[in-house]
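Peer 1: Position 70 of the sequence shown, counting from 1, maps to 70 under the numbering used here, and the rest follow consecutively.
This is the structure I want to talk about, given as structure tokens.
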Amino acid sequence: MTSAGIAALATQYAGGVKILVLGPGAREHAIILRLLAEQEPHDITCAPGNAGIALDVPCVNIDANDPDAATSLAVGLDVDLVVIGPEAPLVAGVADAIRARGIPVFGPNRAAAMLEGSKDFAKRIMSEALVPTGRAITALSLLEAETALDDYGAPYVVKADGLAAGKGVLVTTDRDAAVAHASHWLAQGGVLIEEFLNGHEVSLFLLSDGHHVLPLSPAQDFKRIFDNDEGPNTGGMGAYSPMPWLAQRFGSEEAFVREVIDTVGQPVIRVLEAEGTPFVGLLYCGLIITADGIRVIEFNARFGDPETQAVLPRLVTPLSELLFAAATGDLGGRPWPEFSADRTVCVVLASEGYPESPVTGREIVGLESARALAGVHLTHAATAAASDASTDDALIASGGRVLSVVARATSFGAARELAYTAIRRISLDGGQFRSDIAAVVTAAESKIADAEPAGHI
Ligand code: AMP
Ligand code: GLY
1 MTSAGIAALA TQYAGGVKIL VLGPGAREHA IILRLLAEQE PHDITCAPGN
51 AGIALDVPCV NIDANDPDAA TSLAVGLDVD LVVIGPEAPL VAGVADAIRA
101 RGIPVFGPNR AAAMLEGSKD FAKRIMSEAL VPTGRAITAL SLLEAETALD
151 DYGAPYVVKA DGLAAGKGVL VTTDRDAAVA HASHWLAQGG VLIEEFLNGH
201 EVSLFLLSDG HHVLPLSPAQ DFKRIFDNDE GPNTGGMGAY SPMPWLAQRF
251 GSEEAFVREV IDTVGQPVIR VLEAEGTPFV GLLYCGLIIT ADGIRVIEFN
301 ARFGDPETQA VLPRLVTPLS ELLFAAATGD LGGRPWPEFS ADRTVCVVLA
351 SEGYPESPVT GREIVGLESA RALAGVHLTH AATAAASDAS TDDALIASGG
401 RVLSVVARAT SFGAARELAY TAIRRISLDG GQFRSDIAAV VTAAESKIAD
451 AEPAGHI
């Protein structure tokens, strides 16, 4: 179907289309809020969603990682498009099953999702596509792992081969810890030892229809739990978009994006297509800008979380049109999506004990007051209804990353101020958030406009 397709469908449904969004968290909430903000009144369902998402659209409590359950729901609702948020359903083959029923799906089949599901597979594709990345070896024994650690030297980078829910990567100068991590993941199925890459990280999302790619605007993620990038890695504690300092390094943000498409995105999509496993969905390029240029540190097969919360509010082109065009092989010949020049800052509120052992079940108060600030919205990651809550707007935290506070303004300074004012209005016992999200880029904004930050961001 062409993308006149979505306009025709929109007319058929008196202005909107039927979309099923699969996934439980803040990324899915961000996708849904963007779709709801479009002119056409789309008919959106989320599965399983959460208590916060349920305030905006109907949620159906199924196991979205189960191909049969997800397919039954999509067929039963007679949707025009399914958008798959997280990696687990992709790797479980949910896209394959729904696609087999003739329903357009935004999200790759299982085989192409291995780009995220196996770091060894990703390295092989990168090597075939001549993509710039760090040297790495897949160790088959502890001896091989130790040899590679000594060969590359400290800091050591040790990665689980398969999906590990953010716990698979260890970057450390402690050789014993590196060896222990390698030993643990060897026993679980596989481990990679990688060369350490030094530089600033950038997340760039590319939409793909299996052949063509279109870029979204870049974002910066903050992966460590504590300020100044200290403490363990998490799923992501905050983000901002765009990344003005890229312009200083590459001439313009567009020049940077063009280089990533030419040297990373398009070659990878072509190799996957040639192998008979076309990638339809979102190719998340996790990049480090080193002194020697752009290097890939990882691919994901889906929108990033929390970067999506920062990127999508700036998207001007209708998201439904882009997702539907990607799902139906129709991205070719389209202009790059348009973004507003506004700055967004997203700060994640996490439960006490996150990431190791989050304490759940605690009441969250003050959501209405946070949301009341103009320019601020919330996306929920792990919230549940509390039957005995003390106030009407109270929910309970049901996981590690609880929600994202997203602020949008014409400067990073203003967006940051708003985001932190809002998050301080929310109370969750033991709740934690980083206080330095977008701090360096805000300082750069007020000194030399758009300068590359000197510190580690
Ligand atoms: P990944 O899950 O592969 O994105 O790794 C998680 C985080 O570990 C990345 O966001 C980086 O901060 C860090 N990391 C991963 N690979 C490397 C590398 N080769 N060199 C330096 N840091 C890395
Ligand atoms: N923010 C990192 C990820 O989505 O994997």
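Beta carbons: idealized from backbone N, C-alpha and C, even for Gly.
Going by DSSP, what residue range makes up the beta strand (DSSP E) through Tyr354?
Peer 2: Run containing Tyr354: none; DSSP gives neither H nor E here.
Peer 1: Name the two residues that bound the continuous alpha helix (DSSP H) containing Ile32.
Peer 2: Where Ile32 is concerned, the enclosing alpha helix (DSSP H) stretches over 26-36.
Peer 1: What residue range does the alpha helix (DSSP H) around Glu87 cover?
Peer 2: Looking at the DSSP string, the run of the alpha helix (DSSP H) that includes Glu87 is 87-91.
Peer 1: Give me, in chain order, the residues of the same chain whose beta-carbon lies closer than 6 Å to that of His377; leave out the 5 immediate sequence neighbours on both sides.
Peer 2: These residues qualify, in order along the chain: Val406.
Peer 1: Is Asn300 near the ligand GLY, with its Cβ less than 6 Å from a heavy atom?
Peer 2: For the ligand GLY, at least one heavy atom lies less than 6 Å from the Cβ of Asn300.
Peer 1: DSSP three-state label for Asp392, please.
Peer 2: With a pLDDT of 49 at Asp392, under the threshold of 50, the modelled position of that residue is not reliable, and the figure given next carries that caveat. Of the three classes helix, strand and coil, the one that applies to Asp392 here is coil, per DSSP.
Peer 1: Hey, could you find the ends of the alpha helix (DSSP H) Glu146 is sitting in?
Peer 2: Its alpha helix (DSSP H) spans residues 142-152.
Peer 1: Is Val311 closer than 7 Å to Leu418 when the C-beta atoms are compared?
Peer 2: Cβ distance not < 7 Å, so Leu418 and Val311 don't count as in contact.
Peer 1: Kindly examine the ligand AMP and report whether one of its heavy atoms sits closer than 6 Å to the Cβ of Leu163.
Peer 2: The answer is no for Leu163.
Peer 1: Examine the ligand AMP and report whether any of its heavy atoms sits within less than 6 Å of the Cβ of Glu194.
Peer 2: The answer is yes for Glu194.
Peer 1: Using 7 Å as the threshold, is the C-beta distance between Ala381 and Val402 below it?
Peer 2: Closer than 7 Å, so yes.
Peer 1: Which class does Gly22 belong to by DSSP, given the choice of helix, strand or coil?
Peer 2: Per the sequence shown, residue 22 should be read as Leu rather than Gly. In the structure shown, Leu22 sits in a strand (DSSP, three-state: E or B).
Peer 1: State yes or no: is the C-beta of Val191 within less than 7 Å of the C-beta of Ala139?
Peer 2: Yes, Cβ-Cβ distance for Val191 and Ala139 is below 7 Å.
Peer 1: Classify Asp56 as helix, strand or coil using the three-state DSSP reduction.
Peer 2: Coil at Asp56, not helix or strand.
Peer 1: Just the Cα atoms here: how many angstroms apart are Val131 and Pro267?
Peer 2: Rounded to the nearest angstrom, the two C-alpha atoms are 8 Å apart.
Peer 1: Does DSSP put Leu322 in a helix, in a strand, or in coil?
Peer 2: Of the three classes helix, strand and coil, the one that applies to Leu322 here is helix, per DSSP.
Peer 1: Just curious, the beta strand (DSSP E) that His377 is in, first and last residue?
Peer 2: Looking at the DSSP string, the run of the beta strand (DSSP E) that includes His377 is 376-380.
Peer 1: Taking only three categories from DSSP, how would you classify Ser398?
Peer 2: Reduced to three states, the DSSP call for Ser398 is coil.
Peer 1: Relative to the ligand AMP, is the shortest distance from any of its heavy atoms to the C-beta of Ile396 smaller than 6 Å?
Peer 2: Ile396: no, Cβ never under 6 Å from the ligand AMP.
Peer 1: Per DSSP, what kind of secondary structure is Asn65 in: helix, strand or coil?
Peer 2: DSSP places Asn65 in coil when its eight states are reduced to three.
Peer 1: Near Glu338, which residues of its chain fall below 8 Å by C-beta distance, leaving aside the five closest residues on each side in sequence?
Peer 2: Leu315, Val316, Thr317, listed in sequence order.
Peer 1: May I have the straight-line CA-CA distance separating Glu195 from Ser340, to the nearest angstrom?
Peer 2: C-alpha separation (whole angstroms): 37 Å.
Peer 1: How is Ile103 classed by DSSP in three states: helix, strand or coil?
Peer 2: If DSSP states are grouped into helix, strand and coil, Ile103 belongs with coil.
Peer 1: So what's His200 in DSSP terms, helix, strand or just coil?
Peer 2: Three-state result, His200: strand.
Peer 1: Taking Cβ positions, are Leu149 and Ala178 nearer each other than 7 Å?
Peer 2: For Leu149 and Ala178, yes; Cβs fall inside 7 Å.
Peer 1: Hey, would you say the C-beta of Gly304 is under 6 Å away from at least one heavy atom of the ligand GLY?
Peer 2: Because some heavy atom of the ligand GLY lies under 6 Å away, the Cβ of Gly304 counts as near it: yes.
Peer 1: In angstroms, rounded to a whole number, what distance separates the CA positions of Arg27 and Ala64?
Peer 2: Roughly 15 Å separates the two Cα atoms.
Peer 1: Under 8 Å by Cβ, that's how I've got Ala239 and Gln220 pegged, so tell me the actual separation to the nearest angstrom.
Peer 2: Going by Cβ atoms, the distance from Ala239 to Gln220 rounds to 6 Å, so yes, they are a contact pair.
Peer 1: Any chance you could list the alpha helix (DSSP H) runs of at least 4 consecutive residues sitting entirely within the segment 246-292, in chain order?
Peer 2: For the segment 246-292, whole alpha helix (DSSP H) runs of length 4 or above, ordered along the chain, are 253-260, 266-274.
Peer 1: Note down the Cα distance separating Ala47 from Val82, rounded to an integer number of angstroms.
Peer 2: Rounded to whole angstroms, Ala47 to Val82 spans 11 Å at the Cα level.
Peer 1: From the DSSP output, in three-state form, read off Asp232 for me.
Peer 2: Correcting the residue type first, residue 232 is Pro in the shown sequence and not Asp. Pro232 falls in the strand class under three-state DSSP.
Peer 1: Whole angstroms are fine: how far does the CA of Val440 sit from the CA of Ile457?
Peer 2: In this predicted model, Ile457 has a pLDDT of only 37, less than 50, meaning its place in the structure is not dependable; the value taken from the coordinates is given anyway. Approximately 7 Å between the Cα atoms of the pair.
Peer 1: Per DSSP, what kind of secondary structure is Ser404 in: helix, strand or coil?
Peer 2: The answer is strand: DSSP assigns Ser404 an E or B state.
Peer 1: Roughly how many angstroms separate the alpha carbons of Arg424 and Ser72, rounded to a whole number?
Peer 2: Taking the straight line from one Cα to the other gives about 42 Å.
Peer 1: Measuring from the CB of Gly236, is there a heavy atom of the ligand GLY at a distance below 6 Å?
Peer 2: Checking the Cβ of Gly236 against the ligand GLY gives yes.
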